[in-house]
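J.:
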Amino acid sequence: MRPGRLAATALAVVFLSMTLPAHAATIEITMENLVISPAEVTAKVGDTISWINKDVFAHTATAKNGDFDVTLPEKKSATSVLKKAGMVEYYCRYHPNMKATLKVEP
């Protein structure tokens, strides 16, 4: 292979490795017995949160800063994708003592 082709191939490999998106994670957060678990989670922008309500009554995952407000009927689940970085405190509107923190990294 000629040196020019080798350099072009190497540059193409480097470029593609930089532009391919990283695999986003799915993180499960459960609401059961009036407790959010885990209460502290670290995730990244683009990750999916799987909200799982195992209780026999409805809950919400309501961000204090307005980033999300997910309603979860009894024994149901929902998902949301994290769109921006920051520290998010959230709670259940129906049971305000249910509180948790989500740290979203870039």
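Under my numbering, think of the first position of the sequence shown as 34, with each following residue one higher.
Heads up, the beta-carbon is just placed ideally off N, CA and C, and yes, glycines get one too.
#1: Whose C-beta lies closer than 6 Å to the C-beta of cysteine 125 among residues of the same chain, with five residues either side of it excluded?
#2: What number of angstroms, rounded off, separates the C-alpha of leucine 135 from the C-alpha of lysine 116?
#3: Using 8 Å as the threshold, is the C-beta distance between isoleucine 85 and threonine 104 below it?
#4: Helix, strand or coil for tyrosine 124, going by three-state DSSP, please let me know.
#5: Do lysine 87 and glutamate 122 come within 8 Å of each other at the CB atom, strictly closer than that value?
T.: Inspection of the coordinates gives the following:
#1: The residue you call residue 125 lines up with position 92 of the sequence shown. Hits under 6 Å: His92, Thr93 and Met131.
#2: The residue labelled residue 135 in the question sits at position 102 within the sequence shown. The residue labelled residue 116 in the question sits at position 83 within the sequence shown. Computed Cα separation, rounded: 13 Å.
#3: One-based indexing of the sequence shown puts residue 85 at position 52. One-based indexing of the sequence shown puts residue 104 at position 71. Going by C-beta atoms, isoleucine 85 is not nearer than 8 Å to threonine 104.
#4: Here residue 124 corresponds to residue number 91 of the sequence shown, with the count starting at 1. It is a strand residue.
#5: Locating residue 122 in the sequence shown gives position 89, counting from the first residue. Locating residue 87 in the sequence shown gives position 54, counting from the first residue. Their beta carbons are not under 8 Å apart, which means glutamate 122 does not touch lysine 87 by this criterion.
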